[in-house]
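Using our numbering, the letters of the sequence shown map in sequence onto residues 32 to 267.
First up is the structure itself, then whatever we jot down about it.
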Amino acid sequence: MRTSAVGRRIRCDKSILPLNWEPPLTASARLDRSSVLKAYARWAPVYDVTFGLIAAFGRRAAVNAINARKGALLEVGVGTGITLPTYGPQLRITGIDLSPEMLQKAKDKVRKQRLSNVDGIYEMDASQMEFDAGKFDTVVAMYVMTVVPDPEKVMRELERVCAPGGEVIVVNHFAQDHGFRGTIERWMSPFARLLGWHPDFKIETITGITNLELIEARSMHPMGLFTMLRFQKPDA
32 MRTSAVGRRI RCDKSILPLN WEPPLTASAR LDRSSVLKAY ARWAPVYDVT
82 FGLIAAFGRR AAVNAINARK GALLEVGVGT GITLPTYGPQ LRITGIDLSP
132 EMLQKAKDKV RKQRLSNVDG IYEMDASQME FDAGKFDTVV AMYVMTVVPD
182 PEKVMRELER VCAPGGEVIV VNHFAQDHGF RGTIERWMSP FARLLGWHPD
232 FKIETITGIT NLELIEARSM HPMGLFTMLR FQKPDA
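Here it is as structure tokens:
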């Protein structure tokens with residue numbers, strides 16, 4: 032993998048896998064669906080004012096990238112709908128999530144704030160989406176990949192429902208084994224598990240299994256704990 036850094040941005044050529052590539056998570060390391068649902072049922076009432084603040088930098092960067100685009104947008108893991116009011120009016124938005132408690136809060140936001148560009152909010156498994164292939168011009172998954180039981184399958188679904196020439200944007204925490212960040216991550220590990228995360232989730236789990244072109248990787252605050260990945264789907 033060839034990389035060149037500009038500030039905190041990294042542009043990547045994914046024609047060669049990185050030297051430190053590791054196999055995807057084993058079945059024993061995965062989170063199961065019931066534990067994910069329990070975690071988010073527990074956090075739904077206070078999500079926006081707890082994790083919502085921690086994730087604000089990455090969420091803002093993703094929204095800025097999305098708002099430069101137009102057309103149909105799918106937000107996978109829409110949660111409480113914290114991002115819905117921030118999307119531009121040129122977008123037609125669909126959101127999905129697995130947690131009924133989170134979805135109810137998202138639907139309440141749509142109704143109370145009269146978000147007319149939201150076409151639908153659905154309870155749906157991201158690894159088995161009920162949408163036609165190529166339906167969305169942009170697909171985004173923020174802070175989702177470490178909490179789903181099968182991240183590789185979800186990544187393939189993001190690719191499938193994205194239109195040719197469209198973009199898939201992933202914002203997530205990816206494990207760092209060494210240095211200051213590695214120390215911080217080990218310290219945060221118990222908190223991460225309370226949120227239903229895999230604190231040891233590797234970036235190669237998703238970059239190594241997709242045909243999408245990785246066009247940008249950017250570290251996010253706080254302390255570079257999160258990364259925004261932008262992929263483009265080749266034209267048909």
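Using N, Cα and C, we set each Cβ at its ideal position, and we do this for glycine too.
Helix, strand or coil at residue i [DSSP, three-state]
i      : result
Gln263 : strand
Leu189 : helix
Glu53  : Per-residue confidence for Glu53 stands at a pLDDT of 32, beneath the threshold of 50, marking its modelled position as unreliable; the derived number appears in the next sentence. Coil.
Pro120 : coil
Ala86  : coil
Val182 : For the record, residue 182 in the displayed sequence is Pro; it is not Val. Pro182 falls in the helix class under three-state DSSP.
Leu245 : strand
Met176 : coil
Ala75  : With a pLDDT of only 48 at Ala75, under the threshold of 50, the placement of this residue in the model should not be trusted; the figure read from the coordinates follows. DSSP places Ala75 in helix when its eight states are reduced to three.
Identity of the residues DSSP links to residue i by a beta bridge
i      : result
Asn95  : Paired residue(s): none; Asn95 is not in a bridge.
Phe205 : The partner list for Phe205 (beta bridge, DSSP) is empty, contrary to what the question assumes.
Ser250 : Thr258
Thr125 : Leu105, Gly151
Ile200 : Val171, Arg261
Proximal residues to residue i (C-beta, below 8 Å), its chain only, five neighbours per side dropped
i      : result
Met251 : Phe88, Gly89, Ala92, Val202, Phe257, Thr258, Met259
Ala137 : Val109, Gly110, Thr111, Gly112, Leu115, Gly126, Asp128, Ile152
Met176 : Pro182, Val185, Met186, Val201, Asn203, Phe232, Thr236, Ile237
Ile240 : Pro55, Glu183, Met186, Arg187
Unbroken alpha helix (DSSP H) run spanning residue i, endpoints
i      : result
Ile240 : That residue, Ile240, is in no alpha helix (DSSP H); it is neither H nor E in DSSP.
Leu134 : 131-143
Contact check, residue i vs residue j, beta carbons under 8 Å
i      : j      : result
Phe205 : Lys233 : yes
Lys166 : Ala267 : no
Ile124 : Asn95  : no
Leu122 : Glu154 : no
Thr169 : Gly197 : yes
Glu2   : Val171 : Residue 2 lies beyond the range of the chain shown here (32 to 267); nothing can be said about it.
Residue span of the beta strand (DSSP E) that contains residue i, given as start and end
i      : result
Glu154 : 149-154
Met173 : 167-173
Ala157 : Element bounds for Ala157: n/a, residue is neither H nor E.
Close beta carbons around residue i, own chain, < 6 Å, minus the five adjacent residues each side
i      : result
Val185 : Ala157, Ser158, Val179
Ala194 : Gly165, Asp168
Cut-off 7 Å between Cβ atoms - residues of its own chain near residue i, not counting five sequence neighbours on either side
i      : result
Leu243 : Glu190, Val199, Phe262, Gln263, Lys264
Phe162 : Val192
Pro284 : The question about residue 284 has no answer here: the residues shown for the chain are numbered 32 through 267.
Pro131 : Glu154
Asp150 : Arg123, Ile124, Thr125
Asn98  : Tyr118, Gly119
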